[in-house]
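Residue numbers (the numbering used here), protein chains in the order written: chain A, 75 to 309; chain B, 75 to 309.
Below you'll find the structure, written out as structure tokens, and then a few comments.
2 protein chains.
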Amino acid sequence: MESVAKMIDHSLLRPELTLDDVRAGCALAARYEVASVCVRPCDVTEAVALLHGTGVLVGTVAGFPHGSTTTAAKVAETALARAQGAAEIDMVLNIGRLRSGDVTTVESDIRAVVEAAGGATVKVILENAYLTDAEKIAGCEAAERAGAHYVKTSTGFAAGGATMADLALMRAAVSPKVKIKAAGGVRTLDILLAMADIGVTRFGATATAAILDDLAHRREHGRPQATATATDSGY
Amino acid sequence: MESVAKMIDHSLLRPELTLDDVRAGCALAARYEVASVCVRPCDVTEAVALLHGTGVLVGTVAGFPHGSTTTAAKVAETALARAQGAAEIDMVLNIGRLRSGDVTTVESDIRAVVEAAGGATVKVILENAYLTDAEKIAGCEAAERAGAHYVKTSTGFAAGGATMADLALMRAAVSPKVKIKAAGGVRTLDILLAMADIGVTRFGATATAAILDDLAHRREHGRPQATATATDSGY
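Put into structure tokens, the structure is as follows:
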């Protein structure tokens, strides 16, 4: 199960999550040995303490979910998160500037976060729901030029999430050294496997337990579970 | 019309707005002589330049829309926005901590923003859609203790916006020196007037033109427009 589990960022980003929800989510992430938790900035310190020694990384977000904060604010968030022990930063690019055709600003905004991250993994969220295909491609290219490690489809908070068409488009828009993360709507193992098939290597998910329980069941019984009995904590 | 117009913060917060959308929104705000525009942090400099001399204030947001950034990040956003000329700050309180019963953290988070604002108006967004009535009251009380000037119902980006019941509850939860702002769903003059009747003094709106055109029509003709012909730009 490890190879699939290590493709999952267990998402703990909903604004209404309590501290108990965050703690339960970190425990779940440790139990399933996922790649990382993706927590809210205010939870980084807690998550780093909880996951120390488990092999599960702590990631957080910058400029999330709208991407319309200043570059200075995204940089400050990134620097603080790194100082608090976050290993990965999922930033939202400036959607409005991308839609205005100002790719220069979009790129410099990303580059500043990459520099503030000091070598840590940076994933650039495009929020495809708001973009034309040409804008998605321009955003991917800007992210690669700025030194980002991943391009990511969505925050999970807009009207639409990851689609197969967008993932194929993004995979084609960047060179092989830039990886692809799908988020928003990755709710089942079948969806995850289909996306992995076209080159997606990281998944933002809240249905982590359901996905990995299904995988374990298939490996044991050679077929999917008849009914979805695996629990999804919903965050 | 001025008294109603001067109760409206024309909202320009949607992440997908282009620079042309922001410029058109600022021009509309100047034409209708509203209280302020509420722009994204990345647009403060542009809006301040555009609205100089018009009497329309520029406001922006901090920790928006989830409220789950760190206090340090909200303070940095507030200080930068003030330095760039923003006169009002609409901050989102830490929803998750409020729901965890950690009112101390919620209050100190707000107080730090009030201090960083240096006397500028601070409005505290509760995001009522996620809160019980007891949590709404606790949030209002924390905002007043922290020195905030307004409590505000919603960001406009959660599942629910301002309701009459919540506004009455919030009005009762704070002393008369704390004002109330309604946002999310303030789409018609009738809604605005009903809310003003129970003590709301500021409204976040995107349908500013429709609301104020309707008001002008009623004053001229003594009755509402037969059909809603006023245009709503939608942002």
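We put the beta carbon where it would ideally sit given N, CA and C, even for glycine.
None of the values given here were measured: they were computed from a predicted structure.
At a cut-off of 9 Å, the C-beta of S142/A has a neighbouring C-beta in chain B.
Exposure of K251/B is indicated by the presence of fewer than 16 other C-beta atoms within 10 angstroms of its C-beta.
C100/A does not reach chain B, its nearest Cβ partner there being about 14 Å away, counting only Cβ pairs nearer than 8 Å. Rounded to whole angstroms, the Cβ separation of V225/A and I254/A is 6 Å, and the two are in contact under 8 Å. For T195/A, there is no enclosing alpha helix (DSSP H); the residue is part of the beta strand (DSSP E) that begins and ends at 195–199.
In this structure, R173/B lies near L205/B, with their beta-carbon atoms less than 9 Å apart. Judged by DSSP in its simplified three-state form, K210/B adopts helix. DSSP, read as helix, strand or coil, puts G258/B in coil. Burial check for L267/B: the Cβ neighbour count within 10 Å stays below 16, so the residue is exposed. By the beta-carbon neighbour count (other beta carbons within 10 angstroms, threshold 16), E181/B is buried.
Between T134/A and I169/A, the C-beta gap is not smaller than 9 Å, which leaves the two residues out of contact.
DSSP places K148/A within a helical segment (H, G or I) once states are collapsed to three. The C-beta distance from A150/A to A150/B rounds to 5 Å, short enough to meet the 8 Å contact threshold. Rounded to whole angstroms, the gap between the alpha carbons of T128/A and A279/A is 19 Å. Relative to A147/B, the option among I184/B, A121/B, H126/B whose CA is nearest is I184/B.
Taken through DSSP and simplified to helix, strand or coil, S174/B comes out as coil. With a threshold of 9 Å between beta carbons, E151/B makes contact with chain A. Contacts with chain A at 9 Å (Cβ-Cβ) do not include R185/B. DSSP places A246/B inside the alpha helix (DSSP H), whose first and last residues are 238–247. Taking C-beta separations shorter than 7 Å and ignoring five residues to either side along the sequence, the partners of P115/A in its chain run T134, V135, E151, A155, following chain order. Bounds of the alpha helix (DSSP H) holding A283/B are 282–295. Within chain A, no C-beta atom comes nearer than 7 Å to that of I254/B; the closest sits roughly 22 Å away. In the structure shown, T134/A adopts extended strand secondary structure according to DSSP, grouped into three states. When beta bridges are read from the DSSP output, G221/B appears opposite no residue.
V113/B carries a strand assignment under DSSP once its states are collapsed to helix, strand and coil.
Bounds of any beta strand (DSSP E) do not take in I265/B; it lies within the alpha helix (DSSP H) bounded by 263–271. In this structure E294/B is exposed. Its beta-carbon is surrounded by fewer than 16 other beta-carbon atoms within 10 angstroms. For the 9 Å CB-CB criterion, V260/A and I285/A form a contact. Contact annotation, V122/A with G159/A: C-beta distance approximately 4 Å; criterion of less than 8 Å satisfied. At least one CB atom of chain B sits nearer than 9 Å to the CB of D94/A.
For T92/B and T145/A, the gap between their C-alpha atoms comes out near 17 Å.
With fewer than 16 neighbouring CB atoms inside 10 Å of its own CB, R105/A falls in the exposed class. Residue pairing from DSSP leaves R88/B without any beta-bridge partner. Residue state for A160/A is assigned as coil, using DSSP reduced to three classes.
Relative to the Cα of C112/B, the nearest Cα in the group T282/B, R297/B, R292/B, P298/B belongs to T282/B. Neighbours of S85/B in chain A, taken as residues at a C-beta separation under 9 Å, are lacking, since the least C-beta distance is about 13 Å.
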